[in-house]
Amino acid sequence: MRDSEQKMTRSTLRSVSIATEINRVVDSLNCSGCGLCAQFEGVIMQLHNGFMRPVVDPEAVSRTGAAELAEFRASCPGIRIQAQRGAGIHWDPDFGPVLGAWEAYATDEGMRHEGSSGGVLTAIASWLLESGRACRVVGARKDQADPSRTRSVSVQDPQEARALAGSRYAPAANAAAPDAASSGTAFIGKPCEAQAIRSLSRERGQRPIILSFFCAGTPDQRATDRLLDELFAGTGADRDLPLCDMRYRGHGWPGEFTAVAADGTTVSTSYSESWGKALGPTVQWRCRLCPDGVGEYSDVTASDFWRATPDGYPDFTDGEGVSALLARTPRGLEIIREAEKAGVITVTPLRLDDLRQVQPYQHERRDYLVPRRTAARLMGLHTPRMRGFGAWRRALARPRDSWRQLRGSVSRLRRKFAVDWPWNRSLKQGGRDRGGAGTGPRRG
């Protein structure tokens, strides 16, 4: 190869770096905040405008090479998502690969009460440590210094794993944990985090155990702060002081959003109020076009197995927690069977159609993949490549709903996520290039 060709090749590799790819993902609103980026030199995760986002040190990240870039491209949920259709494993159009399905709850009554929906993932994670099947558990818990915030942690003591009980409807980046993708780790994370860790560990020849759960998206941290302000208004509690405690759910099923101020003042509100009205509406755009809210990349997935009302909708009346538990891989099936044999969890067989009835959102989100992605592209945004989910077939089966979703998504991108029409952005960019005072796309 001539010197000029060698220089061109090196220049091309430098111009397409991990930093470049990260910026592309973030700029197109495709970042889920999973934390994968932090597995590479020169990248950390920080809270920015209410969500976890990568912060890149250009000098440090420039030391990463072509191998790391390939790992990132193969693993980032903001670049590609593939349905996990394993050989010999039933693939459900709503729930993905399923080797077995059960109603389940933790046999330990305290763990069942503390957990969001039966405590099964906490029970399994603790047992994996106790039995030596895992060396560490990576998961999320409330920040000890400020319980209104959520931290990703790695624990080795089974008792410490109990502190991971309960849902955290807030930004966290579990895939950023140093040992998250290593053999010997039991990783608990959102579906996007499960995908990132499964894909990266395959690239690196590692085999962590991956536990996940059904997810409806990551809300804005500022929504939690606003909810706390509303609940404590008029109580006299000093909001400038850190809380003593705060949980989103648990201590019952579904349990209440509960916060305790420094002076002991306690406030709470129902799950329907906290998630349905305060937190859920602030979910980031990436989550709204996610094809995998069910944890297809995990070994074991848990979800709420709500009771159904007479008209077929989920019943949020408080009761004893019950999870739906899905084995997705032979390894996951073995874990569930051994955990039951050890008396850690109690399980009974579950029909997927019964789960479908009380988890309608996971069905609908796959129906609306095409109109939501089309809306993003009309607004000049890139979208992740998605394969194997039957998205077009589902969209064409509901043409009127798909059209409504398309119009609504365009409106939402403009109004809620402050994405301008692409031709306006081009005009503004042209104004800058000519020395004008135009501004680029506004994104929240």
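The sequence shown lines up with residues 82 to 525 when you count with the working numbering.
Ideal Cβ positions, reconstructed from N, Cα and C, are used throughout, including at glycine.
This structure is a prediction, so every number in the text was calculated from the model and none was measured.
- Item | Test item: CB-CB of VAL348 and LEU309 under 9 Å | yes
- Item | the ligand NAD heavy atom lying under 8 Å from the CB of GLN225 | Because no ligand of any kind appears in the structure shown, any question about the ligand NAD cannot be addressed here.
- For the region 128 to 155, list the beta strand (DSSP E) runs that are entirely contained and at least 3 residues long, ordered along the chain. For the region 128 to 155, whole beta strand (DSSP E) runs of length 3 or above, ordered along the chain, are 132 to 137.
- Could you give the DSSP three-state label for ALA164: helix, strand or coil? ALA164: coil per DSSP, three-state reduction.
- Alpha carbon of SER351 to alpha carbon of ARG330, nearest angstrom: So the two alpha carbons sit approximately 9 Å from each other.
- Coarse secondary structure for TRP504, derived from DSSP in three states: helix
- Ignore the nearest five residues each way along the sequence and tell me which others in GLU122's own chain have a CB closer than 7 Å to its CB. ALA141, VAL142, ARG144 and THR145
- Assigned secondary structure, LEU406 (DSSP; H/G/I helix, E/B strand, else coil): strand
- Query: Between which two residues does the alpha helix (DSSP H) carrying SER280 extend?
  - Reply: 272 to 285
- Item | Classification of LYS223 by the beta-carbon crowding that lies within 10 angstroms, buried from 16 upward | buried
- When you compare only the Cα positions, how much space is there between ASP175 and ALA318? Here the C-alpha atom of ASP175 lies approximately 45 Å from the C-alpha atom of ALA318.
- Task: Closer than 7 Å by C-beta to ARG91: which residues in its own chain qualify, once you throw out the five before and the five after it? Chain order, please.
- Result: Its pLDDT being 42, under 50, ARG91 is placed unreliably in this model, and the coordinates cannot settle the point.
- Touch check for the region 411 to 422 and the region 437 to 447: three-plus C-beta pairs under 8 Å? no
- Cα-Cα separation between ASP385 and VAL97, rounded to whole angstroms: 42 Å
- Task: Give me the Cβ distance between ALA164 and GLY177, rounded to the nearest whole Å; I'm assuming they're in contact under 8 Å.
- Result: Cβ-Cβ separation between ALA164 and GLY177: approximately 7 Å, consistent with a contact (criterion under 8 Å).
- Item | ALA187: first and last residue of the uninterrupted beta strand (DSSP E) it sits in | 181 to 187 is the extent of the beta strand (DSSP E) around ALA187.
- Alpha carbon to alpha carbon, what distance is there between THR299 and CYS216? 28 Å
- Item | Residues near ALA204 by beta carbon distance below 6 Å, same chain, minus five either side | ALA187, MET192, VAL425 and ILE426
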